[in-house]
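Asks: Handing you this structure, nothing more for now.
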Amino acid sequence: MFHPIAIRKEIYMASYRKRKNKDGTFSHQFRIRRKGYPLVTKTFERKTDGEAWVQETETSMRAGKFNFDSFSSEITVAELITLYVSSPDFQKRKSKHSPIQTLDWWKQKLGALPVKNLCRPVIKRQWMELERTPSARTGRPLTNRTLNSYLETFSACLSHAVAEELLDENPVLKIRRRPLDNARERVLSSDELRRLLDAASQSSNRYLKTAILMSLSTGGRRGEVMGLTWSDVSLETGEVRFRLTKSGKRRVVVLGSSALQALREHSKLRSLTSPLIFPPLKVRRMGTKHVPWEDLKAPFYRACKQAGISDFRWHDLRHSAASFLIMSGATIEEAMKVLGHQSAAMSWRYAHLDTRRNAELASRVDDNFLAQAVA
């Protein structure tokens, strides 16, 4: 974290951060911001050298002798990434673990390159090399979604550089992304739903059935449901207030009676140390990222296997919830509100399932127009 050194009302602010290097030594990074000019940053082995540089640089700025263009050209990609990770633009992200890993990859590949030398061919060449690199975890080629995420994360970093006037334009915007197939619509049949809930009832994890019912009743994403606290739900009315949503906008939905009854039973045995509805049953870690709630991935897949359900993921519970809504007579607008979709296009994926509504409309057209004409 950068600590302010001095704040001058007119135009200057200098800040400082101590960094630990990979070899165990420390370096001292200073940066100076002048209103209307690019951010100036430099790293030193000794803090006293950096403080002297700040005074000398600010004096030069006041005299109008500091060459901002020359300094900006000296900033490397590695330094830019370090600045971006410590910036408010990055810190406001809900998830930081994966972007940091991705940025570390770009830092390894292009870290020594001056920012001024970044261009579309250089970036695309490294990205295509990534395409030919198999996943370290699975050994399989990376998916288009993963490849695009590497590009999008680096693009956000370069957009920050443009905002700070370290770059004239973002060269990543000129690179075409890989096509994605987002039309997955795997939903549970009535028989599969029954078998899954039966298997969840027999699971050794006491959270599983309640979490599945809440996901199906609300259409909430896994992180939205698992991130709920007891203060977010009403056991009397069944209202659920989702605060941690993908869009950042809060929404309120109401649980069905089956999910509400399961939640009431679940509430009789609460954690004394966590406000979460589904706190960890024991300390778990996912790599270097701490999991704040119970990880139900393994129990869920075991239940699916026991129920004889294949090609089904947790997020498909959300697809199933959307389908159940539409087939129960909900309009597209009502489905959007429950699911938290930002555009009607997402909810329209399920419009073809509304056969009951289509039949009702067809009957009205026939009664009001066609039948009279035929007669």
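Heads up, the sequence shown is in my numbering, so the first residue is 1 and it goes up one at a time. Glycine included, each C-beta is placed from N, C-alpha and C at the ideal position. Keep in mind the model is a prediction, meaning the values are calculated, not measured.
(1) Relative to the alpha-carbon of Val172, which residue among Glu185, Asp191, Asn148, Lys92 has its alpha-carbon at the smallest distance?
(2) Using beta-carbon positions only, say whether Leu296 and Leu208 come within less than 8 Å of one another.
(3) How many Å lie between Ser274 and Glu192 at the Cα?
(4) Quick check on this structure: which residue in Trp293, Arg33, Phe154, Tyr301 has the alpha carbon closest to the alpha carbon of Ile123?
(5) Note down the Cα distance separating Leu213 from Arg145, rounded to an integer number of angstroms.
(6) Look at the Cβ atom of Leu158, then the Cβ atom of Leu151, and state whether they are nearer than 8 Å.
(7) Considering just the uninterrupted stretch of the alpha helix (DSSP H) at His160, what are its terminal residues?
(8) With a threshold of 6 Å on Cβ separation, who are the neighbours of Phe44 within its own chain once the five nearest residues in sequence on each side are excluded?
(9) At 3 residues or longer, and completely inside the stretch 318-343: list those beta strand (DSSP E) runs for me, N to C.
(10) Which of the three DSSP states is assigned to Gln29 in this structure?
(11) Tell whether a beta-carbon distance below 8 Å holds between Arg186 and Phe300.
(12) With 16 other CB atoms within 10 Å as the buried threshold, where does Ser320 fall?
(13) If you run the structure through DSSP and keep just helix, strand and coil, what is Ala14?
(14) Based on the DSSP secondary-structure assignment, which residues constitute the bridge partners of Arg19?
(15) How would you label Val252, buried or exposed, when you count the other beta carbons within 10 angstroms and need 16 or more for buried?
(16) Would you give the residue range spanned by the beta strand (DSSP E) that Phe90 belongs to?
(17) Buried or exposed for Met336, please, with buried defined as at least 16 other CB atoms from any protein chain shown within 10 angstroms of its CB.
(18) Going straight from the alpha carbon of Ala307 to that of Arg222, what length do you get?
(19) Could you check the C-alpha separation between Val240 and Arg19 for me, to the nearest Å?
(20) Answer yes or no: do Gly238 and Leu260 have a C-beta to C-beta separation smaller than 8 Å?
(21) Tell me, to the nearest whole angstrom, how far the beta carbon of Leu118 is from that of Val162; I am working on the premise that it is less than 8 Å.
(22) Could you round the C-beta distance between Ser267 and Leu216 to whole angstroms and report it? I think they count as a contact, below 8 Å.
(23) Cα separation between Leu67 and His160?
(24) Run the CB neighbour count on Glu129, radius 10 Å, all protein chains shown included, and call it buried at 16 or more, exposed below.
(25) Going by the CB atoms, is the gap between Ile32 and Glu58 shorter than 8 Å?
(26) Taking the continuous beta strand (DSSP E) assigned at Val240, which residues delimit it?
(27) Excluding the five sequence neighbours on either side, which residues of its own chain have a C-beta within less than 6 Å of the C-beta of Ala362, listed in chain order?
(28) Just to confirm before moving on: does the CB-CB distance between Ala199 and Ala303 stay below 8 Å?
(29) Throw me the rounded Cβ distance for the Glu265 and Pro280 pair, which I believe falls under 8 Å.
(30) Judging by CA-CA distance, which residue of Ser203, Gly139, Val115, Pro134 is the nearest neighbour of Lys305?
(31) Give the straight-line distance between the Cα atoms of Arg137 and Trp127, rounded to the nearest whole angstrom.
(32) Opposite Phe44 in the DSSP bridges: which residues?
(33) What first and last residue would you give for the beta strand (DSSP E) that runs through Arg251?
(34) With a threshold of 16 other CB atoms inside 10 Å of the CB of Arg34, please say whether the residue is buried or exposed.
(35) For Ala52 and Arg62, what's the separation of their Cα atoms in angstroms?
Replies: On the basis of the supplied data:
(1) Reading the sequence shown from its first residue, position 172 is the one you call residue 172. Its Cα nearest to that of Val172, the residue Asn148 stands out among Glu185, Asp191, Asn148, Lys92.
(2) Working through the sequence shown from its first residue, we reach residue 296 at position 296. Working through the sequence shown from its first residue, we reach residue 208 at position 208. Yes, they are a contact pair.
(3) The residue you call residue 274 lines up with position 274 of the sequence shown. The residue you call residue 192 lines up with position 192 of the sequence shown. Computed Cα separation, rounded: 33 Å.
(4) If you number the sequence shown from 1, residue 123 lands on position 123. If we check each option's Cα against that of Ile123, Phe154 comes out closest.
(5) Locating residue 213 in the sequence shown gives position 213, where the first residue counts as 1. Locating residue 145 in the sequence shown gives position 145, where the first residue counts as 1. So the two alpha carbons sit approximately 29 Å from each other.
(6) Your numbering for residue 158 matches position 158 in the sequence shown. Your numbering for residue 151 matches position 151 in the sequence shown. Cβ atoms of Leu158 and Leu151: not closer than 8 Å.
(7) Along the sequence shown, one-based indexing puts residue 160 at 160. It spans 144-163 - the alpha helix (DSSP H) in which His160 sits, taken as one unbroken run.
(8) On the sequence shown, position 44 is the one that residue 44 refers to. Contacts found: His28, Gly50.
(9) Complete beta strand (DSSP E) runs here, min 3: none at all.
(10) Here residue 29 corresponds to residue number 29 of the sequence shown, with the count starting at 1. In the three-state reduction of the DSSP assignment, Gln29 falls in the strand class.
(11) By 1-based counting over the sequence shown, the position of residue 186 is 186. By 1-based counting over the sequence shown, the position of residue 300 is 300. Not closer than 8 Å, so no.
(12) Here residue 320 refers to the residue found at position 320 of the sequence shown. By the 10 Å Cβ count, Ser320 comes out buried.
(13) Counting from one through the sequence shown, the residue named residue 14 turns up at place 14. In the structure shown, Ala14 sits in a strand (DSSP, three-state: E or B).
(14) Along the sequence shown, one-based indexing puts residue 19 at 19. Answer by DSSP bridge pairing, in chain order: Ser27.
(15) Position 252 of the sequence shown, counted from the first residue, corresponds to residue 252. Note on Val252: under 16 other CB atoms within 10 angstroms of its CB, so exposed under the neighbour-count rule.
(16) To locate residue 90, count along the sequence shown from 1; it is residue 90. First-last for Phe90: 88-91, but that is the alpha helix (DSSP H), not the beta strand (DSSP E).
(17) By one-based count along the sequence shown, residue 336 stands at place 336. Under this definition Met336 is a buried residue.
(18) Here residue 307 refers to the residue found at position 307 when the sequence shown is read from its first residue. Here residue 222 refers to the residue found at position 222 when the sequence shown is read from its first residue. Approximately 20 Å, taken between the alpha carbons.
(19) Within the sequence shown, numbered from 1, the residue matching residue 240 stands at position 240. Within the sequence shown, numbered from 1, the residue matching residue 19 stands at position 19. Taking the straight line joining both Cα atoms gives about 43 Å.
(20) In the sequence shown, the residue the question calls residue 238 occupies position 238. In the sequence shown, the residue the question calls residue 260 occupies position 260. Closer than 8 Å, so yes.
(21) Numbered from its first residue, the sequence shown carries residue 118 at position 118. Numbered from its first residue, the sequence shown carries residue 162 at position 162. Their Cβ separation, rounded to whole angstroms, is 11 Å, which puts Leu118 and Val162 out of contact at 8 Å.
(22) Within the sequence shown, the letter at position 267 stands for residue 267. Within the sequence shown, the letter at position 216 stands for residue 216. So it is not a contact: roughly 19 Å between Cβ atoms.
(23) By 1-based counting over the sequence shown, the position of residue 67 is 67. By 1-based counting over the sequence shown, the position of residue 160 is 160. First, the amino acid is wrong: residue 67 is Asn here, not Leu. So the alpha carbons of these two residues sit roughly 21 Å apart.
(24) If you number the sequence shown from 1, residue 129 lands on position 129. With fewer than 16 other Cβ atoms within 10 Å, it is exposed.
(25) Here residue 58 corresponds to residue number 58 of the sequence shown, with the count starting at 1. Here residue 32 corresponds to residue number 32 of the sequence shown, with the count starting at 1. In this structure, Glu58 lies near Ile32, with their beta-carbon atoms less than 8 Å apart.
(26) Your numbering for residue 240 matches position 240 in the sequence shown. Looking at the DSSP string, the run of the beta strand (DSSP E) that includes Val240 is 239-242.
(27) Against the sequence shown, residue 362 aligns to sequence position 362. No residues qualify anywhere along the chain.
(28) Along the sequence shown, one-based indexing puts residue 199 at 199. Along the sequence shown, one-based indexing puts residue 303 at 303. With respect to the 8 Å criterion, Ala199 and Ala303 are classified as neighbours on the basis of their beta carbons.
(29) The residue given as residue 265 occupies position 265 in the sequence shown. The residue given as residue 280 occupies position 280 in the sequence shown. Glu265 to Pro280, Cβ: 20 Å. No contact.
(30) Locating residue 305 in the sequence shown gives position 305, where the first residue counts as 1. Per the Cα distances, Ser203.
(31) Along the sequence shown, one-based indexing puts residue 137 at 137. Along the sequence shown, one-based indexing puts residue 127 at 127. C-alpha separation (whole angstroms): 19 Å.
(32) For the purposes of this step, residue 44 is identified with residue 44 of the sequence shown, where counting begins at 1. For Phe44, which the question treats as bridged, DSSP gives the partners His28.
(33) On the sequence shown, position 251 is the one that residue 251 refers to. Here the beta strand (DSSP E) through Arg251 covers 251-254.
(34) In the sequence shown, counting from the first residue as 1, residue 34 sits at position 34. Its Cβ being crowded by 16 or more others within 10 Å, Arg34 is buried.
(35) Locating residue 52 in the sequence shown gives position 52, where the first residue counts as 1. Locating residue 62 in the sequence shown gives position 62, where the first residue counts as 1. Straight-line Cα distance between these residues: approximately 16 Å.
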